[in-house]
Amino acid sequence: MLLDSIRTQYDSLSKSEKKVALAVLEQPELAIAENITALAKKAEVSEPTVVRFCRAIGFDGWHAFKMKLAQGLALSPGADESPAPEDLAADLVNKICGRSINTLLDLRNSLDANAIEQALQVLSRASRIEFYGQGTSGIIAADAQHKFFRSGVPTVAYADPHIHSIAASLLKKGDAVVAISQRGNSIALLRSVQLARSCGADVVILAPSGTPLAELATVLIPIDLHFHTDPYTPISARLAHLVVIDILAVGLALRLSPERRKKMITAQKALEKIEMQFDSFLR
138 MLLDSIRTQY
148 DSLSKSEKKV
158 ALAVLEQPEL
168 AIAENITALA
178 KKAEVSEPTV
188 VRFCRAIGFD
198 GWHAFKMKLA
208 QGLALSPGAD
218 ESPAPEDLAA
228 DLVNKICGRS
238 INTLLDLRNS
248 LDANAIEQAL
258 QVLSRASRIE
268 FYGQGTSGII
278 AADAQHKFFR
288 SGVPTVAYAD
298 PHIHSIAASL
308 LKKGDAVVAI
318 SQRGNSIALL
328 RSVQLARSCG
338 ADVVILAPSG
348 TPLAELATVL
358 IPIDLHFHTD
368 PYTPISARLA
378 HLVVIDILAV
388 GLALRLSPER
398 RKKMITAQKA
408 LEKIEMQFDS
418 FLR
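The working numbering numbers the first residue of the sequence shown as 138 and each following residue consecutively.
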């Protein structure tokens with residue numbers, strides 16, 4: 138599909154061409170319905186830039202690109218279609234894998250590297266890191282705690298709103314909170330983040346931009362993906378947040394002092410030794 142091609146070629150585009158790519162990826166149907174002037178205005182570029190974008194991804198110009206895009210949307214087997222009761226196993230494989238792949242490509246193309254850098258600076262100097270989330274985001278918070286505690290920094294994850302509210306009130310300057318939310322409007326999470334900020338802790342927010350939670354961030358990592366509204370949306374939404382957590386965990390590990398890196402390696406070797414002993418016991 139053409140949208141997949143745009144995603145895979147995104148890194149090779151110029152800065153202004155990337156703006157056009159994002160505008161098309163965000164609302165492909167609108168790109169078909171409008172003319173080149175409207176798309177250029179939406180992407181905040183000139184019309185010649187739109188033409189250069191079309192040529193950069195393999196088309197002679199705007200009209201050829203627009204026709205191919207329309208054909209692709211009309212004939213697509215539906216990696217973005219919702220799972221249905223009558224789907225065969227093969228249909229589910231195509232739809233779920235296709236949706237996950239598109240989510241990761243969209244994330245890679247839209248993720249703010251500067252925000253990641255700022256978050257890593259906050260986390261690398263933190264004396265304690267707490268992860269807050271609720272529901273599905275609580276599961277992500279637990280996964281984050283599992284990844285981060287190996288860095289040697291005291292970490293904990295809370296999914297209960299009453300518990301992370303109490304925990305937030307006990308934080309101090311030099312501590313950090315990573316608050317995770319797919320919608321950014323949880324009243325309980327907002328209260329806990331406000332408490333953490335009032336105690337002097339830094340707060341890294343993983344949530345959509347423009348949300349109430351995003352407004353409270355010391356550092357906001359906006360996750361503004363265009364998820365589906367069907368009941369299976371959390372599948373891809375959760376994946377995007379998990380990948381951002383992986384990026385932060387790896388980034389923090391790479392910034393550790395030599396002494397801490399040595400401790401991480403020692404801990405990993407100890408875990409491998411335990412696993413080998415357990416395997417031997419089973420034999």
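Glycine included, every Cβ here is placed at the ideal spot set by N, Cα and C.
With the cut-off set at 8 Å, would you say residue i and residue j are in Cβ contact?
i, j, result
"S261", "I317", "no"
"L326", "L350", "yes"
"A279", "Y269", "no"
"A313", "I360", "no"
"P345", "R375", "no"
"A281", "G311", "no"
"V341", "A256", "yes"
"R287", "A404", "yes"
Between the C-alpha atoms of residue i and residue j, what's the straight-line distance to the nearest angstrom?
i, j, result
"A294", "L307", "14 Å"
"K400", "G289", "8 Å"
"E412", "S323", "40 Å"
"A377", "R189", "30 Å"
"V315", "A390", "16 Å"
"E166", "C234", "22 Å"
"L379", "I143", "24 Å"
"L353", "C336", "13 Å"
"L206", "A252", "32 Å"
"K372", "S237", "First, the residue type needs correcting, since residue 372 is Ile and not Lys in the sequence shown. Cα to Cα, I372 sits roughly 8 Å from S237."
"F196", "L150", "14 Å"
"N239", "D141", "7 Å"
"S417", "K406", "16 Å"
For the alpha helix (DSSP H) holding residue i, just list the boundary residues, first then last.
i, result
"P165", "165-170"
"D437", "The chain is shown from 138 up to 420; residue 437 falls before or after that span and cannot be answered."
"P185", "184-193"
"L332", "324-335"
"I173", "173-180"
Which residues in the same chain have their Cβ closer than 7 Å to the Cβ of residue i, if we skip the five residues on either side of it in sequence?
i, result
"L183", "In the sequence under discussion, the amino acid at residue 183 is Ser, which differs from the Leu named in the question. Contacts found: A177."
"R441", "Outside the modelled stretch of the chain, which goes from 138 to 420, sits residue 441, for which no answer is possible."
"G215", "Confidence at G215 is low in this model, with a pLDDT of 48, below 50, so its placement is unreliable and the value that follows should be read with caution. Contacts found: K232."
"W199", "I173, V187, V188, C191"
"A304", "E267, Y295"
Residues in the same chain with beta-carbon distance under 8 Å from residue i, minus the five sequence neighbours each way, listed in chain order, please.
i, result
"L229", "P220"
"L96", "The question about residue 96 has no answer, for the chain in this structure spans 138 to 420."
In the DSSP assignment, the beta strand (DSSP E) including residue i goes from what residue to what residue?
i, result
"L140", "Segment 139-146 is the alpha helix (DSSP H) holding L140; no beta strand (DSSP E) there."
"A344", "339-344"
"I358", "356-359"
Once you ignore the five residues that flank residue i on each side, which residues in its own chain have a CB closer than 6 Å to its CB?
i, result
"A386", "K284, F285"
Runs of beta strand (DSSP E) wholly within the stretch 261-312 (minimum 3 residues, chain order): 265-269, 292-295
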